[in-house]
Structures are given as C-alpha cells and as structure tokens.
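S.K.: Going left to right, the sequence shown walks through residues 2 to 493 as our numbering numbers them. By construction, the Cβ of each residue, glycine as well, lies at the ideal position given by its N, Cα and C atoms. Remember, predicted model here, so these are calculated numbers, not experimental data. First, the structure itself, so that you have it in front of you.
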Amino acid sequence: MDRFDLPDKRWRIVKDWIIRQIESGEWAAESKLPSIRSLARMFETSITTVQRALADLEADAYVSTIPRVGYFVSTAGKAKPANGFDFSSVTVNVNHAVVAMLSQAASRTTASLSSAVLHSDLTPHVLLNKCLSVMAGKADNSLTGLVAPPGLPALRRRIAGLMLTRGVVCGPDDILVTSGDTVALELALEAVATKGSTVAIETPTYYGILQTIERLGMRALPIRTHGELGIDVDHLEEALKQKKVSVIFLNPTLQNPRGFIMPDETRARLSQIAREADVPIIEDDIFFDLVPEGERPRAIKSYDSSGQTIYCSSFSKTVAPGYRVGWCVAGRYREAILAQMFSRNLAVSSLAQNVLNEFIGRGYMEEHCARLRSQLSSLANFVETLVRTEFPFGTVYVPPRGGFIHWIKLPAHTDMQALERLASERGCHVAGSGIFFADGQPSTGLRICLGTTLSPGVMQILQVIAECAHLAAGPSNVRLKLADSREEPVLP
Numbered sequence: 002m003d004r005f006d007l008p009d010k011r012w013r014i015v016k017d018w019i020i021r022q023i024e025s026g027e028w029a030a031e032s033k034l035p036s037i038r039s040l041a042r043m044f045e046t047s048i049t050t051v052q053r054a055l056a057d058l059e060a061d062a063y064v065s066t067i068p069r070v071g072y073f074v075s076t077a078g079k080a081k082p083a084n085g086f087d088f089s090s091v092t093v094n095v096n097h098a099v100v101a102m103l104s105q106a107a108s109r110t111t112a113s114l115s116s117a118v119l120h121s122d123l124t125p126h127v128l129l130n131k132c133l134s135v136m137a138g139k140a141d142n143s144l145t146g147l148v149a150p151p152g153l154p155a156l157r158r159r160i161a162g163l164m165l166t167r168g169v170v171c172g173p174d175d176i177l178v179t180s181g182d183t184v185a186l187e188l189a190l191e192a193v194a195t196k197g198s199t200v201a202i203e204t205p206t207y208y209g210i211l212q213t214i215e216r217l218g219m220r221a222l223p224i225r226t227h228g229e230l231g232i233d234v235d236h237l238e239e240a241l242k243q244k245k246v247s248v249i250f251l252n253p254t255l256q257n258p259r260g261f262i263m264p265d266e267t268r269a270r271l272s273q274i275a276r277e278a279d280v281p282i283i284e285d286d287i288f289f290d291l292v293p294e295g296e297r298p299r300a301i302k303s304y305d306s307s308g309q310t311i312y313c314s315s316f317s318k319t320v321a322p323g324y325r326v327g328w329c330v331a332g333r334y335r336e337a338i339l340a341q342m343f344s345r346n347l348a349v350s351s352l353a354q355n356v357l358n359e360f361i362g363r364g365y366m367e368e369h370c371a372r373l374r375s376q377l378s379s380l381a382n383f384v385e386t387l388v389r390t391e392f393p394f395g396t397v398y399v400p401p402r403g404g405f406i407h408w409i410k411l412p413a414h415t416d417m418q419a420l421e422r423l424a425s426e427r428g429c430h431v432a433g434s435g436i437f438f439a440d441g442q443p444s445t446g447l448r449i450c451l452g453t454t455l456s457p458g459v460m461q462i463l464q465v466i467a468e469c470a471h472l473a474a475g476p477s478n479v480r481l482k483l484a485d486s487r488e489e490p491v492l493p
C-alpha cells in the first residue's frame, strides 16, 4: 500500500515535488525525468499514481513526453504565479528522517561522511590541553561554579573581537553565550515568531533550521536559491511585499548543504529590503572561519542599522565540537532571548567557556583555523578530481570556496534508494537528501561532509560512493568532464 494516507493526494505530492525540482533550477529545461518506475520507488507508490502526476504536469506544460523514450522538462514551462514566484508555504516534515540518519551514522563502526562534524583528527587537542593545564593551575572557582547567562564576561569580550572580522561592531553586553549554534537559532526563532508563523528559508537548507521550524509549529516558505549566489532576493522581496513572511532564516556563508557564499552586494540588499518590510533576519554563520582569507564576506548583521538581524555562530565546526559553546548577537531581541535562557536554565559549561577564552587569548584560534583551512583545501581538491573523473555523466558539482561540506547533484534518473543500499552493503553510510527540503521529499542531491583528514580510509569511502553512484545511475553513463572548477560542468 502507498505510504500516503489520502489516495487522491498521492499523485499531487509527486506532481508538486517535480514542480519544485523544475522551478528551483534543479532540473534544467530539456533534461530527462527519472523513469516512472524510479519515481514510484522513490515515493513508495504505484506506477498508476506517478502516471497520473505526469499526465497532469504535461497538461500544465511543465513536461513533455517522447514515446518509448521518457518524460523531459518542457522548454516553455507553465505560467507561474505573480512575477514567476511561488509563495506557497509548507508544513515541515523532516525531524523523523534526521533522527534516523543521525542514529544510523552514530551506530556505524566505519567513518560516516553524512554528519557535518569536525572529526577528532582535525580538533586542536594539544592546544586545548595547554589551555586546560593553564586553567587548572589557576585553581579558579569559576571553573566549577555556575556562569549564568549571558555568559563569561571575558569570553564575551573575546567574541566581540572576533565579530570585528565579520564586519560587526558590538560590545560584550551585546553577546549572549549559548549551548551551541542550534540552541542559539531556536532561541532566536522563538523570540521573533510564534506558532503558525511563516519562515522564509533557502532551498535546500540545513536540516537543523528545518527541525527548529517543525518543532515550534511554524511553516516554511522555500525561496528559490542559486547554487553559487544564494537566496533569490527578487523572490524574497516579492514575498515580503505580499506579507507572506514573518522572519527570514538563512545560512549565507558556506551554506549547508550547497556550500555557496552569498556575495556582499546581495547581503546588503537583503538587509535593506528586510528593514523596509520590518521583518527580522536570523543569520546562521557557523562556518565563517573556514572561508579562506581574502574571500571572506561581511556578515549580514554588519548591514543592520535597526537591530533586527540576529547573528548566531559557535566554535563547534572549527575548534571543539564537544564543548557546545555558541553565541548570538541579538540586537533588539536581546532581552527576549535572555529571558528565555533564564527561564529554561540554559547556562553553558563554565569550564568550556574558560578554556575557549584562554584559547582565543593566546592566539591559538588564528593559528589553528589557518591550519584547518589548509587541510580542508586538500580534501576539496581530491573531491573535485574524483567528481570529474569517477562520477556519472550528468553530475553537477560546484566546488565550495572553503569548509568541509560538498553538495553533489547526481543525474536526474539516479535511483537514490539503490545508491544508499549499495553503499550500505559495502560498509558506507549515505544519507538521503530529503532532510534538506521542507517537505521532506528527496532529490538526487548528495551531501558529503569531510571534516576529517584525507586518509586512505576516507579516500576509499569516497571511491565506493562514486562506484555506487554509477550503478544507481544506470549502465549507460560515462564519466563527467569539468571544464572549469568554478563553473557548473560542461558535458562532453
């Protein structure tokens, strides 16, 4: 039996998903759709249901068919809503899939490349241990005592200094130390919106953002997003004009999962239109320190003159994943967030705060991050070569300008369930991409997280994934040729 409860809705779910793939640019004009059988397997539904959806799409001029060949994205396309944009919000449904993915990744004995975690081999244990030794020698009671919100004053002064490199001028009193980035994001969203509010998001986007929206009972409005430039500000501006959005929630720097960096001019315009519409922005900037020097953008918060942008980050992706120390610069929402922290007893480990304060104060932060960026660059070069030479024909990959998250778009006809199964049989965990889309429906996108060194084991896992992708894409594929590492691939 199909997994969807209402029979008359099943074909609509398939249809809506295909429309999203087309309108977001994931499937270009004239590209071939997955086969009817592949779509039926993907949605765990019947061939008849898929045929009904495709017939409706053809009637609406989204797709065309060539007998005995298949369905293709139409070059004309259906007339879209006002100004070509869709303003339909959706109920987020990803939490169960995220929990299953994380549980499976954690239970594996072999390395998983599905979770965006900085591995032990890239964590600065020696430098952190030096700081621990110094703190232990001081015998300071603050190491074991409670440091109440907003956090350790000395650490907040250090963070205020870090914010200057992001273009944000703020003082220690503007900063709230939180139990990691995710807690900061949730506190921010609760401060600016209520149950039922509509949140504008990038698509695809970080599943933690989607989980937060789902947990708080809000709705998501996926905004069209470019693979290299970020969120479509024209689409967002029109949504703001039509009063469709309560808050903007985005990850513009080394975005998770696509890895792009939103240009400064786009950030400035985004801040301006949000200010004019009086709509708050929540900026998740957790990967900033992984951007190469000379390519670093200004935070969206740096353009904020009204205090309506809440900036969130942490040390989890760069220094110490287990310390769970993050922060937010809350602007006009500081008191609302601080009240939440006190009411929920959200104090952060005093030991972790003291060690990180010492770590930054000794100059270890700059030293470590420079080394980390170099190591991650070697991994990125390996992935680019692997995609160029080993992945199926039709694969799209834009190498990120830093960080350790890579988004590989496999050909439209790739059987992603088969890919996951084949990889699992060979000891590798590959997570589905549905967790990055508000409606939870998968695409042929593949996120690979390489927060580790380029060891023989990691190279072997990547090679296995490439081989499984070939099998899942079918025997007719030939290898991809990349004309330029900064551009989308030019097919031979």
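1. Answer yes or no: do Thr183 and Ser25 have a C-beta to C-beta separation smaller than 8 Å?
2. Indicate the three-state DSSP secondary structure (helix, strand or coil) for Glu294 in the structure shown.
3. I'd like to check one pair, Val51 with Ile37: are the Cβ atoms closer than 8 Å?
4. Can you find the residues in the same chain that come closer than 7 Å, C-beta to C-beta, to Leu144, ignoring five residues on each side of it along the sequence?
5. Specify the secondary structure class of Glu31 as computed by DSSP and reduced to three states.
6. State the start and end residues of the unbroken alpha helix (DSSP H) segment that holds Thr386.
7. Could you check where the alpha helix (DSSP H) with Arg158 kicks off and where it finishes?
8. Could you tell me which of Gln461, Trp408, Met417 and Leu451 sits nearest to Cys429, measuring between CA atoms?
9. Just grab the DSSP bridge partners of Phe250 for me.
10. Residues bridged to Ser315 by DSSP?
11. Output needed for Pro173: all residues of its chain with C-beta closer than 7 Å, excluding positions within five of it in sequence on either side, in chain order.
12. Between which two residues does the alpha helix (DSSP H) containing Ala439 stretch?
13. Could you tell me which of Ala29, Trp28, Ser39 and Ala56 sits nearest to Arg13, measuring between CA atoms?
14. Anyone know if the C-beta pair for Pro281 and Ala439 falls short of 8 Å?
15. In the DSSP assignment, find the unbroken alpha helix (DSSP H) run with Arg276 in it and report its ends.
16. How big is the Cα-Cα spacing for Arg297 and Cys469?
17. Could you tell me if Phe535 is buried or exposed, where buried requires 16 or more neighbouring beta carbons within 10 angstroms of its beta carbon?
18. Is it right to say Glu367 is buried, meaning 16 or more other beta carbons lie within 10 angstroms of its own, or is it exposed?
19. Kindly give me the distance between the Cβ atoms of Pro253 and Arg402, rounded to whole angstroms, as I take these residues to be in contact under 8 Å.
20. Per DSSP, Phe73 is paired with what?
21. Report all residues from its chain with a CB closer than 7 Å to the CB of Ala321; omit the five preceding and five following residues, and keep chain order.
22. Can you tell me where the alpha helix (DSSP H) with Cys469 in it begins and where it stops?
23. Give the list of continuous beta strand (DSSP E) stretches no shorter than 3 residues that lie fully inside the region 91–150.
24. Answer yes or no: do Gly231 and Met263 have a C-beta to C-beta separation smaller than 8 Å?
25. With a Cβ-Cβ cutoff of 8 Å, do Ile301 and Leu188 count as a contact?
26. Could you tell me the boundaries of the alpha helix (DSSP H) in which Gly209 lies?
27. Mapping the DSSP letters down to three states, classify Ile19 as helix, strand or coil.
28. Does the distance from the C-beta atom of Met102 to that of Met417 stay below 8 Å?
29. Does the Cβ-Cβ distance between Leu177 and Cys329 come in under 8 Å?
30. Beta strand (DSSP E) containing Gly446: first to last residue?
31. Among residues of its own chain, excluding the 5 on either side of Glu59, which ones have a beta-carbon nearer than 7 Å to its beta-carbon?
32. Do the region 269–279 and the region 235–247 touch if we need at least three Cβ pairs shorter than 8 Å?
33. Apply the 10 Å Cβ neighbour rule to Ala41 and answer buried if 16 or more other Cβ atoms are within range, or exposed otherwise.
34. Taking the DSSP output, what are the residues bridged to Pro173?
35. Please return the same chain residues whose Cβ sits closer than 6 Å to the Cβ of Pro412, not counting the five positions on each side in sequence.
M.R.: By the coordinates alone:
1. The sequence position of residue 183 within the sequence shown is 182, counting from 1. The sequence position of residue 25 within the sequence shown is 24, counting from 1. Going by C-beta atoms, Thr183 is not nearer than 8 Å to Ser25.
2. As a position in the sequence shown, residue 294 is number 293, starting the count at 1. Residue state, collapsed to three classes: coil.
3. Numbered from 1 along the sequence shown, position 36 holds the residue referred to as residue 37. Numbered from 1 along the sequence shown, position 50 holds the residue referred to as residue 51. Yes, they are a contact pair.
4. Sequence index remark: in the sequence shown, residue 144 carries index 143 (1-based). Met136, Ser351, Leu352 and Asn355, listed in sequence order.
5. In the sequence shown, the residue the question calls residue 31 occupies position 30. DSSP places Glu31 in the coil class of the three-state scheme, outside both helix and strand.
6. One-based indexing of the sequence shown puts residue 386 at position 385. Per DSSP, Thr386 belongs to the alpha helix (DSSP H) from Tyr365 to Glu391.
7. Here residue 158 is taken as the residue at index 157 of the sequence shown, counted from 1. Note, Arg158: alpha helix (DSSP H), Pro154 to Leu165.
8. To locate residue 429, count along the sequence shown from 1; it is residue 428. For the set Gln461, Trp408, Met417 and Leu451, the Cα lying nearest the Cα of Cys429 is the one of Gln461.
9. As a working note, residue 250 is residue 249 in the sequence shown. Phe250 is bridged to Ile202 and Ile283.
10. Walking along the sequence shown from the start, residue 315 turns up at place 314. DSSP, once it has assigned bridges, lists Gly327 as partnering Ser315.
11. Taking the first residue of the sequence shown as 1, we reach residue 173 at position 172. Closer than 7 Å at the Cβ level, and outside the excluded window around Pro173, lie Pro154, Arg157, Arg158 and Ala161.
12. As a working note, residue 439 is residue 438 in the sequence shown. First-last for Ala439: undefined, no H or E at that position.
13. For the purposes of this step, residue 13 is identified with residue 12 of the sequence shown, where counting begins at 1. Closest by alpha carbon: Ala56.
14. Within the sequence shown, residue 281 is the residue found at index 280, counting from 1. Within the sequence shown, residue 439 is the residue found at index 438, counting from 1. No, the Cβ-Cβ distance between Pro281 and Ala439 is not below 8 Å.
15. Residue numbering aside, residue 276 sits at position 275 when the sequence shown is read from its first letter. That run of the alpha helix (DSSP H) goes Asp265 to Ala278.
16. Taking the sequence shown and counting its residues from 1, one reaches residue 297 at position 296. Taking the sequence shown and counting its residues from 1, one reaches residue 469 at position 468. Roughly 36 Å between the two C-alpha positions.
17. Residue 535 is absent from the model: the chain starts at 2 and stops at 493.
18. Here residue 367 refers to the residue found at position 366 when the sequence shown is read from its first residue. Flag for Glu367 reads exposed.
19. Indexing the sequence shown from 1 puts residue 253 at position 252. Indexing the sequence shown from 1 puts residue 402 at position 401. Wrong, their Cβ atoms sit about 13 Å apart, outside the cutoff.
20. The residue you call residue 73 lines up with position 72 of the sequence shown. Phe73 is bridged to Lys33 and Ser65.
21. Here residue 321 refers to the residue found at position 320 when the sequence shown is read from its first residue. Excluding sequence positions up to five before and after Ala321, its CB lies within less than 7 Å of the CB of Thr124 and Leu129, all in the same chain and listed in chain order.
22. Residue mapping note: residue 469 aligns to position 468 of the sequence shown, counting from 1. Pro457 to Ala474 is the extent of the alpha helix (DSSP H) around Cys469.
23. none
24. For this step, residue 231 is matched to residue 230 along the sequence shown. For this step, residue 263 is matched to residue 262 along the sequence shown. For Gly231 and Met263, yes; Cβs fall inside 8 Å.
25. The count along the sequence shown starts at 1 and reaches residue 301 at position 300. The count along the sequence shown starts at 1 and reaches residue 188 at position 187. For Ile301 and Leu188, no; Cβs fall outside 8 Å.
26. Taking the first residue of the sequence shown as 1, we reach residue 209 at position 208. Start and end: Tyr208 to Arg216.
27. Residue numbering aside, residue 19 sits at position 18 when the sequence shown is read from its first letter. If DSSP states are grouped into helix, strand and coil, Ile19 belongs with the helices.
28. Taking the sequence shown and counting its residues from 1, the one referred to as residue 102 is at position 101. Taking the sequence shown and counting its residues from 1, the one referred to as residue 417 is at position 416. No. Outside cutoff.
29. As a first step, residue 177 is located in the sequence shown; it is residue number 176 there, counting from the start. As a first step, residue 329 is located in the sequence shown; it is residue number 328 there, counting from the start. Yes, these two residues count as a Cβ contact at 8 Å.
30. Taking the sequence shown and counting its residues from 1, the one referred to as residue 446 is at position 445. Counting along the chain, the beta strand (DSSP E) containing Gly446 begins and ends at Gly446 to Cys450.
31. The residue you call residue 59 lines up with position 58 of the sequence shown. Annotation for Glu59: Ser65 and Thr66 place their beta carbon closer than 7 Å to its own, counting only its chain and skipping 5 residues before and after.
32. yes
33. Looking up residue 41 in the sequence shown gives position 40. The residue is buried, with at least 16 neighbouring Cβ atoms inside 10 Å.
34. Counting from one through the sequence shown, the residue named residue 173 turns up at place 172. Per DSSP, none; premise fails for Pro173.
35. Along the sequence shown, read from residue 1 onward, the residue named residue 412 stands at position 411. The residues are Pro393, Gly395 and Ala474.
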